[in-house]
Amino acid sequence: MKRAFYPDGRHSSKHKDPGQSLVKMSANGPNQSGITIRVPEIPKTERSTTGDNSRGAHTSFSRSPLYKKKSSNMGEYDKIAEHLFSEDIAGCGDLNSTCELTDEIPIVRQEEKRQLVDRQISQDLVSSNNNPRHWKVLQSAIAASNLMKRGIREEDEHGDNGLTVPAETDDVDQDSLIVGDSCRLYKHKPSLTSQHMLPLPALKQLIWLPGYMRKRLGEQSVESDMVGMGDFSLLDFHRIEITGDEIAGVPIRDLEEASEHLTEALLIREKYMEMADQRNFSTTSRYLRLLKGKEEEADSTYSENMISRDAPYHPPVEHECPYSDVDPSKMPQDSPMKIKMVDGVFRVYEDEQHLSRDEPLDLPCPDLQTFIHDLNRLMAMTVDGPLKSFCYRRLSYLSSKFQLHVLLNETKELASQKEVPHRDFYNCRKVDTHIHASSCMNQKHLLRFMKKTMKKNSTDIVYRKDGKEYTLQEVFDSLNLSAYDLNVDSLDVHSDRNLFHRFDKFNTKYNPIGQSILREIYIKTDNQIGGKYFGHVIKEVMDDLEDSKYQQSELRLSIYGRSRDEWTKLAQWAVNHQVYSDNVRWLIQIPRLFDIYASKKSLHSFQDFLENVFGPLFEATLYPQKHPEIHLFLQHVTGFDSVDDESKSEHHVFTMQSNKPADWTAVDNPPYSYYVYYMYANIVTLNQLRKERGMTLFHLRPHCGEAGPAHHLVTAFLLADNISHGLLLRKVPVMQYLYYLAQIGIAMSPLSNNGLFLSYHRNPLPDYLARGLCVSVSTDDPLQFHFTKEPLMEEYSIAAQVWKLSSCDMCELARNSITMSGFPHQFKQYWLGPRYQDEGPDGNDIRRTNVPDIRVSYRHETLQAELQMLMDSLMVNNTKSSSEVGSL
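Using our numbering, the first residue of the sequence shown is number 5, and each one after it goes up by one.
#1: Which value, in whole angstroms, describes the spacing of the CA atoms of Ile858 and Gln532?
#2: Please state whether the Cβ-Cβ distance between Val736 and Thr386 is less than 7 Å.
#3: Starting from His765, follow its DSSP beta bridges and name the residues at the other end.
#4: Between the Cα of Arg293 and the Cα atoms of Leu271, Asn663, Leu867, Leu574, which residue gives the shortest distance?
#5: What do you get for Arg257, buried or exposed, if any count of 16 or more other CB atoms within 10 angstroms of its CB means buried?
#6: Excluding the 5 residues flanking Asp464 on each side, which residues of the same chain have their C-beta closer than 6 Å to its C-beta?
#7: Below 8 Å on the Cβ atoms is my guess for Pro319 versus Tyr834; work out the distance and round it to an integer in Å.
#8: With distances taken between CB atoms, is the gap from Ile376 to Met660 smaller than 7 Å?
#9: Tell me the residue span of the alpha helix (DSSP H) that contains Ala720.
#10: Kindly indicate the opening and closing residues of the beta strand (DSSP E) around Arg351.
#11: Taking DSSP as the reference, what is the three-state secondary structure of Tyr467?
#12: How would you label Met814, buried or exposed, when you count the other beta carbons within 10 angstroms and need 16 or more for buried?
#13: Let me check understanding here. Comparing Cα to Cα, which of Asp500, Ala441, Leu817 lies closest to Asp645?
#14: May I ask which residues mark the beginning and end of the alpha helix (DSSP H) holding His440?
#15: For Met879, which residues of its own chain have a beta-carbon under 8 Å away from its beta-carbon, when the five flanking residues on both sides are left out?
#16: In its own chain, which residues sit with a C-beta less than 7 Å from the C-beta of Gln421, not counting the 5 before and 5 after it?
#17: What are the partner residues of Leu559, as DSSP defines its beta bridges?
#18: Count the other CB atoms, across all protein chains shown, that sit within 10 Å of the CB of Gln872; report buried if there are 16 or more and exposed otherwise.
#19: Quick check: the Cα distance between Leu522 and Ser403, rounded to an integer number of angstroms?
#20: Starting from Val647, follow the beta strand (DSSP E) in both directions and report where the run begins and ends.
#21: If we count Cβ pairs, one from each stretch, closer than 8 Å, do we get three or more for the segment 610-623 versus the segment 576-585?
#22: DSSP has Lys808 in a bridge; who is on the other side?
#23: At the level of alpha carbons, what is the spacing between Thr53 and Leu418?
#24: On a CA-only basis, which of Glu322, Glu363, Ala714, Glu794 is nearest Ala384? Give me that one, please.
#25: Return yes when the Cβ of Phe702 is within less than 7 Å of the Cβ of Gly643, no when it is not.
#26: What do you reckon, are the CB atoms on Trp668 and Ser609 nearer than 7 Å?
#27: Have a look at the DSSP bridge pairing and note the partners of Leu726.
#28: Figure out for me which residue from Asp378, Thr512, Lys342 has the closest Cα to the Cα of Arg361.
#29: Tell me, please, whether the segment 817-835 touches the segment 444-462 by the rule of three or more beta-carbon pairs shorter than 8 Å.
#30: State the Cα-Cα distance for the pair Ser520 and Ser603, rounded to the nearest angstrom.
#31: Exposed or buried, which one is Gly60 when buried takes at least 16 other CB atoms within 10 Å?
#32: Please name the residue in Asp388, Asp649, Gly389 whose C-alpha comes closest to that of Pro595.
#33: Is the CB-CB distance between Lys405 and Ile244 below 7 Å?
#34: Quick one: give me the first and last residue of the alpha helix (DSSP H) that Ser376 is part of.
#35: Any chance the segment 492-512 sits against the segment 552-571, with 3 or more Cβ pairs inside 8 Å?
#36: Give me the residue from Thr529, Ile542, Gln556 with the minimum Cα distance to Leu574.
Written out as structure tokens, the structure reads:
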């Protein structure tokens, strides 16, 4: 086994820097895999003191300064060794006592760590002075560009054919150089790479340089550097690279079969994502395009018109609530198109005549038989023995590789973060990607709000029963309660140890003081007062988010599908009470409760349920002037969620023999995959229709993998943009590896899981993060699981303490939460950078994310290596097959 560490990432057999030496440990055999590590050689100034005389003159080693230094330290070493031996005899030498080695990195004193980081920053400063691509050189290029443009303007004004270009630009006052009229260049931070230190407008100005000016500034084209950013993506950090013929650690045949299965699964998912206009991860899509023989798509993610030239960090604020003007005449014109549900999926017709002839528009729509086949195919993969072993090996390798990366580069990452002015974890944007609106406040907040309403709104008529109306005071009098009597303990909405694996008991915690009538009054949108109290408490939560400035939430509101007017009532609640904030977007959760509605005769068939959920959405899309409130509300809805207790047993398997939605009239609940498929199928048609009309699109983001069978994960892999929870991935290595390769977002809620299904120390979030899965931290239900007014920060702080997450880890989680969220693309450009969709470090702006380029580059290169390994084995296998066919 060969082992080598090296900082520049280049292959040792092809590139060998003259200032570096290789240290190798080799194994016998030509096909042995190996790890190559390149370490810097001792500088000449230090090497000369070691007694090595290149001229061959005799030098006494005992007289060398290095020997004297070692001799002076021998006494200290003896004392340390004596102390360690004494501890060993006193402790571990006793056979009856336990002696355990910790898995953690040895403790480093705070002062030592600070000095280590300072030395790293100084080293980066020295190395940057010899870098012709450093930001100082680019700063001079910007100055030259400004002079060049000024000369061009003078030429245009005076008609002069000549243009004088100054030979040197060093005399330009760098401290006074301002680009974009608002961004100053900070030359006291020299070790940042150019795309981090220079404001984005400055990078754009470099492209304006003419050809001969580029030659004066360097051998290579500045324009090519800035457009492709290729030279800047080769960051200086320690890389671990596996070399050899059998880098996967398994026989070639097993690798080929595993690659066939995994790429087939990725291609199947890509098909469903494209059909619904949902997101595909760019790196994975690029490799799949190459596999299919297609050319790479042109880079269209960056444009100067996307954000203003001064590249601020905060998007424009809505000074007026978008719900304040409900004028139907300002809505888009109504369409003559018609809709009709066929086999549980809405079809769109051009007009009434096409509807009568049953000639729908040719819009993309999933085929049920194909989906069942794809679902079964992936289910078979999850239980394939060799594939399970292969995926488990790759996941273990990814974990070990990350530990090596942290061991080698932790100091560099920390130094990169310290060099960034102003930015730290607290002022990094972070999104709570999984939180329910009915429990988004903490228990003290709800208690305080209830007491306030009892004192100020006691005469409000809040409840009606049997034709009789009740005021708020009368409701509390019937419960023998007063404002003084209420406290957090009597409210009884917080979880306790008795809720573990008792989801039925957990749902009762939504009832303050155990009374469903108080839940209806305070945390429902459809009640006697039109959700007035719920709207006010949500707006108070929004005020807290706006005060924090850097926290966003995606609140989930419920549509049950019991009646067709639910959407109208929900939209009127949001519009009438102006429940809006720039920091909040909505998701609509659909509880899987058809069996309850069917048993109460509220619904006749599952198709009725689907019509109640999606019918008003199609109508508001086609006829916005008839449904102005729904049209306005949908502009801030980003997706749909499917929620319920996943641990409940399912009595049916989704096959071609399953009843169609119109025929599903039984009291039994349809399986998870049945719900999610028909939600997805209607979202596909709805997104195509809204895309044609220039409206916002929706993503499918269900609860998945909190409990229950593994096929939930398979269904979500095929149909979902991202998921919430994903705990069961730890038991299904094939799906976990596929979720990694596809970079499917997973919103995890460790405190919620700790109270319901999985203890905190067993939560797989740190393992997922180490392996490179796209995970984020979320709160789920602050009312039940949190204590502070900033529940998301509570989640981060506990995770950091328990799992010893670094600042880089936490900022990476925050960055992941933004990328997987449903906030608009324009917002993400401000929060992450205009080029956030670019691959690797090119898409990272440390000034905004506080995530070092080293970490982003490591993630990108590791994913590329995994995909390349799969693609290479497929190419070799296809070549072999072609040659075998040719020989026949």
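Think of the CB as a built atom: it goes at the ideal place given N, C-alpha and C, for glycine as much as any other residue.
For this structure:
#1: Looking at the two C-alpha atoms, the distance is approximately 56 Å.
#2: yes
#3: Answer by DSSP bridge pairing: none, since His765 is not bridged.
#4: Leu271
#5: Arg257 comes out exposed.
#6: So the qualifying residues of the chain are Leu476.
#7: 4 Å
#8: yes
#9: Secondary structure note for Ala720: its alpha helix (DSSP H) is the uninterrupted segment 715-723.
#10: 349-353 is the span of the beta strand (DSSP E), which, as asked, contains Arg351.
#11: strand
#12: buried
#13: Nearest of Asp500, Ala441, Leu817 to Asp645, Cα basis: Ala441.
#14: Looking at the DSSP string, His440 is not in any alpha helix (DSSP H); the run it does join, the beta strand (DSSP E), is 434-440.
#15: none
#16: Ser811, Cys812, Asn854, Pro856
#17: Ile439, Trp590
#18: exposed
#19: 48 Å
#20: 641-647
#21: no
#22: Paired residue(s): none; Lys808 is not in a bridge.
#23: Residue placement at Thr53 is poorly supported in this model, since its pLDDT is 42, which falls under 50; the coordinates are not used for a value here.
#24: Ala714
#25: yes
#26: yes
#27: The residue you asked about is not Leu; residue 726 is Asn in the sequence shown. Beta-bridge pairing links Asn726 to Gly749.
#28: Lys342
#29: no
#30: 21 Å
#31: Low per-residue confidence applies at Gly60: pLDDT is 42, beneath 50, and the placement is therefore not dependable enough to give any value.
#32: Asp649
#33: yes
#34: Just to set this straight, residue 376 is Ile in the shown sequence, not Ser. Here the alpha helix (DSSP H) through Ile376 covers 372-386.
#35: no
#36: Of the candidates Thr529, Ile542, Gln556, the one whose C-alpha sits nearest the C-alpha of Leu574 is Thr529.
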